[in-house]
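Visitor:
Residue numbers (my numbering): 472 to 548.
#1: Rank 498, 529, 537 and 511 by C-alpha distance to the C-alpha of residue 547 and give the top, closest one.
#2: In terms of DSSP beta bridges, what is residue 537 paired with?
#3: Please identify the residue among 524, 545 and 540 whose C-alpha is closest to the C-alpha of residue 474.
#4: Tell me which same chain residues have a C-beta within less than 8 Å of the C-beta of residue 476, skipping the five on either side of it?
#5: In terms of residues, what are the limits of the alpha helix (DSSP H) holding residue 479?
#6: Looking at residue 542 and residue 482, is the spacing between their C-beta atoms short of 9 Å?
#7: How would you call residue 490, buried or exposed, if buried means at least 16 neighbouring beta carbons within 10 angstroms?
#8: In whole angstroms, what separates the C-alpha of residue 501 from that of residue 532?
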């Protein structure tokens, strides 16, 4: 069963409480999303570490209920 954008946002915010999250459904099918996540907790971390934090927040749904996620992460300016 596909995930909806609200569920993805909630999971990320639960794990990264200060995150500003923007989710876009890329294909209209509930399987392909783009997410922009901005969090102070990303400061000083590599892009790979930032992405790992987001994937951990999704609790194993990546590749299962969530087929594809184009991910952009950053610390606030």
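The beta carbon of each residue, even a glycine, is placed where N, CA and C say it ideally should be.
Computed from a predicted structure; not experimentally measured.
Guide: This is what the structure gives:
#1: To locate residue 547, count along the chain shown from 1; it is residue 76. That would be 511, whose Cα lies nearest to the Cα of residue 547.
#2: Taking the chain shown and counting its residues from 1, the one referred to as residue 537 is at position 66. Answer is 533.
#3: Mapped onto the chain shown, residue 474 falls at position 3. Comparing Cα positions, the closest option is 540.
#4: Numbered from its first residue, the chain shown carries residue 476 at position 5. In chain order, 494, 495, 496 and 504 place their CB closer than 8 Å to the CB of residue 476, counting only its own chain and leaving out the 5 sequence neighbours on each side.
#5: Locating residue 479 in the chain shown gives position 8, where the first residue counts as 1. Segment 476-486, the alpha helix (DSSP H) holding residue 479.
#6: Sequence index remark: in the chain shown, residue 482 carries index 11 (1-based). Sequence index remark: in the chain shown, residue 542 carries index 71 (1-based). No, they are not a contact pair.
#7: As a first step, residue 490 is located in the chain shown; it is residue number 19 there, counting from the start. Residue environment: residue 490 is assigned as buried (16 or more neighbouring CB atoms within 10 Å of its CB, all protein chains considered).
#8: As a working mapping, residue 501 is identified with position 30 in the chain shown. As a working mapping, residue 532 is identified with position 61 in the chain shown. C-alpha separation (whole angstroms): 13 Å.
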